[in-house]
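Quick note: the sequence shown uses my numbering, first residue 3, plus one each step. Scroll down for the structure; my scribbles are underneath it.
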Amino acid sequence: MTAQTAFTEFLAPPGWRTIDLLSDLHLHPGEPETLQAWQGYLQTTPADAVFFLGDLFEVWVGDDAAQSPGFEADCAARLRAAAERRPIFFMAGNRDFLVGQGFAAQAGLQLLPDPLVLVLHGRRWLLSHGDLLCLEDRDYLAFRAQVRSPAWQADFLARPLEERRALARHMRAQSESRKGDPRTVWADVDGEAAVAWLRSARAPTLVHGHTHRPGRHALDAGHERLVLSDWDAAASPPRAQVLCLSAAGAQRVDLR
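Here it is, written out as structure tokens:
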């Protein structure tokens with residue numbers, strides 16, 4: 003079971019009425035429908051704050067990718083415009099863990115640790131991308147430990163940008179191949195580990211993404227987890243869902 007004894011707390015300002023939670027949009031220039039849906043959401047959401055809980059981008063090879071005109075720079079501009087109207091927060095996922103302070107400053111994002119306790123209207127919500135709790139996915143967790151190390155990241159980011167892009171394309175192709183393999187077994191969040199986190203955080207509800215299995219799951223008599231949807235506006239039916247937190251609790255909003 004993964005150990006976790008201390009959690010960063012974020013106390014929402016008293017004037018905030020609603021907060022939107024989203025994850026796993028996997029934005030990519032090759033998926034224009036999802037990109038357009040995201041852009042429309044940023045322009046129209048009435049939320050007082052927006053929290054992206056990982057995998058906002060399908061891949062992120064370094065903040066310098068956004069320094070030249072293109073997809074990354076355009077995303078930064080749209081995020082900054084949205085952040086001028088309400089605060090935008092970002093928690094790294096397994097696809098965009100290389101988002102750093104440089105891009106955050108460019109896009110107007112406020113970076114969040116994983117996990118995080120959000121306190122809104124007196125209620126505690128435990129937020130996470132979710133990958134750390136998929137304990138059965140041992141190969142991924144070993145890979146995660148490797149690529150999150152400062153030494154690995156320094157070596158990768160020292161490579162030329164085009165080399166990093168090529169490596170990312172190769173890794174994405176491998177991932178797509180794995181998705182299409184019927185023998186692939188996808189690990190889910192470990193229930194005992196999730197309850198241990200929630201008890202330590204003194205929170206009744208865990209909100210996470212990563213697994214692409216949206217829904218509400220009871221863990222025990224006093225704890226539950228809410229799984230965020232991934233986004234795919236080109237799917238049939240399209241997927242574009244937001245979880246809205248308010249004094250009344252959590253409500254799913256389908257933007258299709």
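Think of the CB as a built atom: it goes at the ideal place given N, C-alpha and C, for glycine as much as any other residue.
Express the C-alpha separation of residue j and residue i in angstroms, rounding to a whole number.
i       : j       : result
Gly-224 : Ala-196 : 12 Å
Leu-221 : Ala-198 : 11 Å
Arg-204 : Ser-25  : 23 Å
Phe-12  : Asp-116 : 12 Å
Thr-10  : Leu-118 : 5 Å
Ala-94  : Leu-135 : 15 Å
Thr-212 : Phe-59  : It should be noted that the sequence gives His, not Thr, for residue 212. In a straight line, the C-alpha of His-212 is about 12 Å away from that of Phe-59.
Ala-190 : Ala-168 : First, the residue type needs correcting, since residue 190 is Asp and not Ala in the sequence shown. Using only the alpha carbons, I get a separation of about 30 Å.
Gly-17  : Gly-193 : 34 Å
Ala-49  : Arg-88  : 8 Å
Ala-163 : Pro-71  : For the record, residue 163 in the displayed sequence is Leu; it is not Ala. Computed Cα separation, rounded: 14 Å.
Glu-158 : Val-255 : As written in the sequence, residue 158 is Phe, which differs from the Glu given in the question. The straight-line gap from Cα to Cα measures roughly 38 Å.
His-131 : Leu-228 : 12 Å
Ala-147 : Arg-97  : 14 Å
Pro-31  : Leu-44  : 17 Å
Thr-207 : Ile-90  : 22 Å
Val-149 : Asp-76  : 26 Å
Gly-251 : Arg-82  : 28 Å
Leu-143 : His-28  : 20 Å
Arg-126 : Glu-165 : 43 Å
Val-52  : Phe-92  : 9 Å
Arg-218 : Arg-161 : 42 Å
Arg-80  : Trp-40  : 10 Å
Asp-133 : Ser-177 : 16 Å
For residue i, which beta-bridge partners are listed by DSSP?
i       : result
Asp-234 : Arg-241
Val-209 : Leu-129 and Leu-228
Arg-254 : Leu-245
Arg-19  : According to DSSP, which records beta bridges pairwise, Arg-19 is partnered with nothing at all.
Phe-12  : Leu-120
Arg-218 : Leu-228
Leu-111 : Ile-90
Leu-24  : Phe-54
Leu-29  : Phe-59
Label residue i either buried or exposed according to how many other C-beta atoms from any shown protein chain fall within 10 Å of its C-beta, with 16 as the threshold for buried.
i       : result
Val-209 : buried
Ser-238 : exposed
Thr-47  : buried
Arg-140 : exposed
Phe-145 : exposed
Gly-56  : buried
Glu-138 : exposed
Glu-74  : buried
Arg-201 : exposed
Ala-242 : buried
Ala-78  : buried
Ala-156 : exposed
Ala-153 : exposed
Ala-109 : buried
Leu-68  : Inspection of the sequence shows that residue 68 is occupied by Ala rather than by Leu. Buried is the call here.
Ala-84  : buried
Any heavy atom of the ligand FAD closer than 7 Å to the beta-carbon of residue i?
i       : result
Arg-125 : Because no ligand of any kind appears in the structure shown, any question about the ligand FAD cannot be addressed here.
Quiz item: Where are the alpha helix (DSSP H) runs, 4 residues long or more, that stay fully inside the segment 140 to 206, in chain order?
Solution: 140 to 149, 152 to 159, 163 to 181 and 193 to 203
Exercise. Return the chain-ordered ranges of every beta strand (DSSP E) run that is complete within the segment 115 to 139 and spans a minimum of 3 residues.
Key: Within the segment 115 to 139, the complete beta strand (DSSP E) segments at least 3 residues long are 118 to 122 and 125 to 130, listed from N- to C-terminus.
Quiz item: Does the segment 241 to 253 come within contact of the segment 16 to 31, defined as at least 3 CB pairs closer than 8 Å?
Solution: yes
Quiz item: Using 8 Å as the Cβ pair cut-off and three pairs as the minimum, do the segment 165 to 177 and the segment 101 to 117 touch?
Solution: By the Cβ test, the segment 165 to 177 is not in contact with the segment 101 to 117, since fewer than three Cβ pairs between them sit closer than 8 Å.
Self-check item: Those runs of the alpha helix (DSSP H) which lie wholly inside the segment 35 to 90 and span at least 4 residues
Solution: 73 to 85
Quiz prompt | the segment 226 to 236 in contact with the segment 33 to 42 per 3-pair CB rule at 8 Å | solution = yes
Practice problem: Could you say if the segment 97 to 104 and the segment 61 to 74 meet the contact criterion of at least three C-beta pairs nearer than 8 Å? | Solution: yes
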